[in-house]
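J.: Structure in structure tokens, see below.
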Amino acid sequence: MLAVADIEQLPVAEARAGDSQAWDALFRRYQLPLYTYIYEWVRDEQTALDLVQEVFIRAVRHLGTLREDAKFGSWLFGIAHQQAAQYWRKRQRHLVALDEVEGEVPDGPEEPGEWLLRQEDNTRFLQALERLPILQRSVLVLHFMEELSLEEIAGITGVGIGTVKSRLFYARQALRRLLEEDKS
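All residue numbers for the sequence shown refer to my numbering, where the first residue is 849 and numbers rise by one.
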């Protein structure tokens, strides 16, 4: 079985050669991060799953155009960005409200009250994130949740690094302001 812990170990060359196990490893590595990113755009589970599938179909078709195997992840997110933006333009619909985060109270050493407070904080954060403009929200998700560099985000979104820095700066400010408003 192929290991995908480090970017250097991603079996991109093997996938290019048609190895189905390599594609399976790449899919397993990127399925959830791509879903999360696309879901931030479309706010519909089934649509996000469909778009992730379309991203991988396009990746299979166009892997030969990738020049540096080490940049597979950012290249894949670039495809996801294009797919989500295309869907967004076609639909031109308003974002739906974020569903509340659900979960069960853990059976571990954590007190139920502490768990409820943490869940409430997570819900407040996600609701504040939801209220950001899509361009600001997408750079926050890519930078902090997917841990992509500013250069990678610039490549994915098709804008300059300065624009990414600006969006990130204003997104942080807006998110901080929204969280403060929610406290009061």
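The beta carbon of each residue, even a glycine, is placed where N, CA and C say it ideally should be.
So, for R985: in the same chain, excluding its five sequence neighbours on each side, which residues have a beta-carbon less than 8 Å away from its beta-carbon?
T.: E888, L977, E978, A1019
J.: Tell me whether A861 is buried or exposed, calling it buried when 16 or more other Cβ atoms sit within 10 Å of its Cβ.
T.: exposed
J.: Return helix, strand or coil for S997, following the three-state DSSP convention.
T.: coil
J.: Where do the ends of the alpha helix (DSSP H) carrying V900 lie?
T.: Note, V900: alpha helix (DSSP H), 893-910.
J.: With distances taken between CB atoms, is the gap from I1004 to F925 smaller than 8 Å?
T.: yes
J.: Roughly how many whole angstroms lie between the Cα atoms of D1030 and R972?
T.: 8 Å
J.: Does the Cβ of Q931 have 16 or more other Cβ atoms within 10 Å, making it buried, or fewer, making it exposed?
T.: buried
J.: Leaving out the 5 sequence neighbours to the left and right, which residues in its chain are closer than 7 Å to I927 when beta-carbon positions are compared?
T.: V903, R906, A907
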